[in-house]
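First the structure, in the form of C-alpha cells, and then the observations on it.
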Amino acid sequence: MKKYSVTVLNALAVFAALLLLWYGLDRLLRLPPYMLPTPLAVGRAVVARFPSLLASLAITTEEAAGGLAASIVVGLLIALLFAQSRWIRRMLYPYTILLQTVPIVAVAPLILMWVGPGILSVTLVAFIICLAPIIANTTQGLISVEPNLIHLFLMHNASRLQILTRLRLPHAVPSLFVGIRIAAGISVIGAITGELFAGSSRVGEGGLGYSILYASAQLQTDYLFALVLAATVLGFAFFFLVMFLEWYFLHNWHESARTMIDE
Amino acid sequence: MVSLSNLSKRYGSSPPVLRQIDLAIDKGEFVSLIGPSGCGKSTLLKLISGLTNPSSGSILIDGMTPVNARKTMSYIFQDATLLPWRTVARNVGLGLELEHVGREVRKEKVQSLLELVGLTHVARAYPRQLSGGMKMRVSVARALATTPHLLLMDEPFGALDEMTRDRLNEELLRLRAEQKWTAVFVTHSVSEAVFLSTRIVVLAPSPGRIAHQIAIDLPFPRTSITRESPQFESLVTDVSRALRGVHSA
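Which chain is which? The protein sequence lines are Z and F, in order. Residue numbering for the first sequence is 47 to 309, as defined by my numbering. Residue numbering for the second sequence is 418 to 666, as defined by my numbering.
Structure follows, in C-alpha cells:
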C-alpha cells in the first residue's frame, strides 16, 4: 500500500512538471490562444462550460460503457462457442483477427449509414472495437486448462457442462479480465471515433467527439483542450474501475492480482 | 481386483510403449511400478484409469471396464492439481461435488478428511498459500473423499524433498490401514517403493514390459524404524539390482 501511494505521488509530480512545461512554452513562444491556450485558460473553459462539458462526457460514457458491456457479454458467448471445438476455432478465428485489423475509422461511417446517427450507432462502433480482445483472451483462458485437471474431472465422471462451469470458466476469469482491461481503454476511443461521424445525437449537444469537432471548427482551442482532458479522464476511470474489479474478484487466488497490489 | 491381460499400447505408428502386459492385482495389495523413464509405467496407470485406451488386450477392474469402474477409483497426479480459486476445503470436496453428493454429507466428509490428513487449520486457505507437501496432502484428501476401492498414484511425492516425502509415505500407510484401499503406485524411488509396497513390479523399456516382480514381505505397521532394518536394506538392494539389470539390457 505504501508503494502504491509512492506511485501515485510520482504520477502527480510528472503531471505538475508537464503543466509547468506547458505554461513555460506558452510564455516563451507567445503563441496565440487558438494555437496553444495556457493551462489557466483551459481551466477557465472547464469552469465556464462545465454543464455542457459534463453533458458531453455523460453521453460518451454511456456509449463507451454500453459498447464495453455488450462486448463482454457477446465476446464471452463467442469464446464459449470457440472453446467447444478446434474445428470451430479454425473456421471462425480468422474473422476475429479481421475484426481487430479493420480500421475503425473506415467502418464507423458505414455503421452510421446503416443504423442512422445516434447513441445506438456510436455504441455499436465502441462494441465492435472492444469485441476482438475479449474474444481472443477469453478463448485462450477457456482452452488453456492443464490436461491433468481435465483428467481429474473425468475420473470423477464429470459431465461436459461440469467441466465448463467448474473448471474452464473459472480458469478463464483472469484472461477475461485481461481482455476487459484492453477493451475498457479502447471503448472510449471507439465511442469518440463514432461521434466524429455521428454528429449531434440530441438537438444542440453531442458526445465528446462531436464537441471536439465543433470546438475545433470554432477555434475554441481552450474548450478543445478541456474536452481532450475529459476524454482522457474517462479512459483512466474505466481502466481503474476494471483494475479494481479484477483485484476484488481475483486477489484471493490469482498471481497477477497479487503482484499488481504488492509492486 | 485389477486384471490386465495381453495388454499393448502404441501411439500411432510409433513402436509400442507397452507390449503384452499380464498383471493381476488382488484386493488389499499395494503394488508399485518402477522402471527407467520410457518404460511406460505412467501409461500403464492411465490405461487402468481409462484415461487412455489400450491398442489391444483387456483391462478389467472388479469385472468392469475402467470407465465404468471410475466410481470406485481415485487418481493422484504428479502435481497436486488443485483448483487455485477454491479453498482447501472446497478442493477436498470437489470429487464429491462432481458426483452429486449432497451438501450436508459433503461437509461432514470433508471435515473428517481434513482431520485425517491434519489440515483442519488451513481449511479456508487458498492453495497458493500452502507448501508443496501440504498441497499434496490436500490432493490425497480429495482422492480419498470419494471412498475409493482403488487408488492410482502417479509419482505423487516425486517433487517433494526427502523428509517431506518420507513423512507423507508414513501417513499414506496409516490411511491405508484405516481405509483398506488397494493401490497402484508409480515411482522413481526404490526406497519409497520398498517402504510402501506389498509387491514391486519392475518394468523394462522399449517396449515397456514386466521384467521382475518382487514381493515385499516387511511386516505392517511400517514406520521410520522400518527403514533402518537390515531386511529393508536388503530389499532395497534386490530391487536396485533388478532395476540395474533392466537399465543395462
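Glycine included, every Cβ here is placed at the ideal spot set by N, Cα and C. From a predicted model like this one, the values you see are computed outputs, not experimental measurements.
| Asked | Found |
| --- | --- |
| is_contact[Z/M201, chain F] using C-beta, thresh 8 Å | yes |
| Interfacial residues, the region 597–626 of chain F to chain Z, with Cβ spacing under 9 Å | none |
| DSSP state of Z/Y141 mapped onto helix, strand, coil | helix |
| Cβ shell of Z/R95 (< 8 Å), same chain only, five flanking positions each side left out | Y269, A272 |
| Cα-Cα separation, F/L613 to Z/L213 | 33 Å |
| Interface flag, F/E572 vs chain Z, CB-CB below 8 Å | no |
| Per-residue burial, Z/M159 [other beta carbons within 10 Å of its own, 16 or more giving buried] | exposed |
| Chain F within 8 Å of Z/H297, Cβ atoms only | no |
| Proximity test, Cβ basis, 8 Å: F/S466 and chain Z | yes |
| Z/N194 at chain F interface by Cβ criterion, 8 Å | yes |
| Neighbour flag for F/K426 against chain Z, beta carbons, 8 Å | no |
| Residue range of the unbroken alpha helix (DSSP H) whose run includes Z/A218 | 215–244 |
| Three-state secondary structure assigned by DSSP to F/K552 | helix |
| 8 Å CB neighbourhood of Z/V191 in its chain, flanking five on each side removed | L213, R214, H217 |
| Contact set between the region 511–528 of chain F and chain Z, restricted to residues whose Cβ is under 9 Å from the partner | L511, G512, L513, E514, L515, E516 |
| Sub-8 Å separation of F/M570 and F/D479 beta-carbons | no |
| Per DSSP, the bridge partner or partners of F/T615 | Note: F/T615 sits in no beta bridge, so no partner. |
| Cβ neighbour criterion (16 or more within 10 Å) applied to F/E525 | exposed |
| Where the region 471–502 of chain F meets chain Z: residues whose CB sits under 8 Å from a CB there | R487, K488, M490, S491, Y492, F494, Q495, D496, T498, L500, P501, W502 |
| Z/Q208 at chain F interface by Cβ criterion, 8 Å | yes |
| Helix, strand or coil at F/D439 [DSSP, three-state] | strand |
| C-beta neighbour in chain Z for F/R545, strict 8 Å | yes |
| Close beta carbons around F/H664, own chain, < 7 Å, minus the five adjacent residues each side | P453 |
| Selection from F/T564, F/G549, F/R591 that minimises the alpha carbon distance to F/P573 | F/G549 |
| Beta-carbon contacts of F/Q546 that lie in its chain and below 6 Å, excluding the five residues immediately before and after | none |
| Within-8 Å CB hit, F/T640 to chain Z | no |
| Contact list for F/T563 against chain Z, beta-carbon separation under 8 Å | H202 |
| Presumed contact (8 Å Cβ cut-off) between F/L590 and F/P638, rounded CB distance | 7 Å |
| Status (buried if at least 16 other CB within 10 Å, exposed otherwise) for Z/R76 | exposed |
| C-alpha gap between Z/L122 and Z/G281, whole angstroms | 22 Å |
| Backbone CA spacing between Z/G225 and Z/M137 [nearest angstrom] | 22 Å |
| Three-state secondary structure (DSSP) of Z/V249 | With a pLDDT of 47 at Z/V249, under the threshold of 50, the modelled position of this residue cannot be trusted; read the value that follows with caution. Coil. |
| Cut-off 8 Å between Cβ atoms - residues of its own chain near F/T460, not counting five sequence neighbours on either side | K426, V434, L435, T469, G625 |
| When Z/G89, Z/A182, Z/Q266, Z/N56 are compared against Z/R227, the one with the closest alpha-carbon | Z/A182 |
| Where the beta strand (DSSP E) containing F/L477 begins and where it ends | 473–478 |
| For F/S384, three-class secondary structure by DSSP | Absent from the structure is residue 384 of chain F, since the part of chain F shown begins at 418 and ends at 666. |
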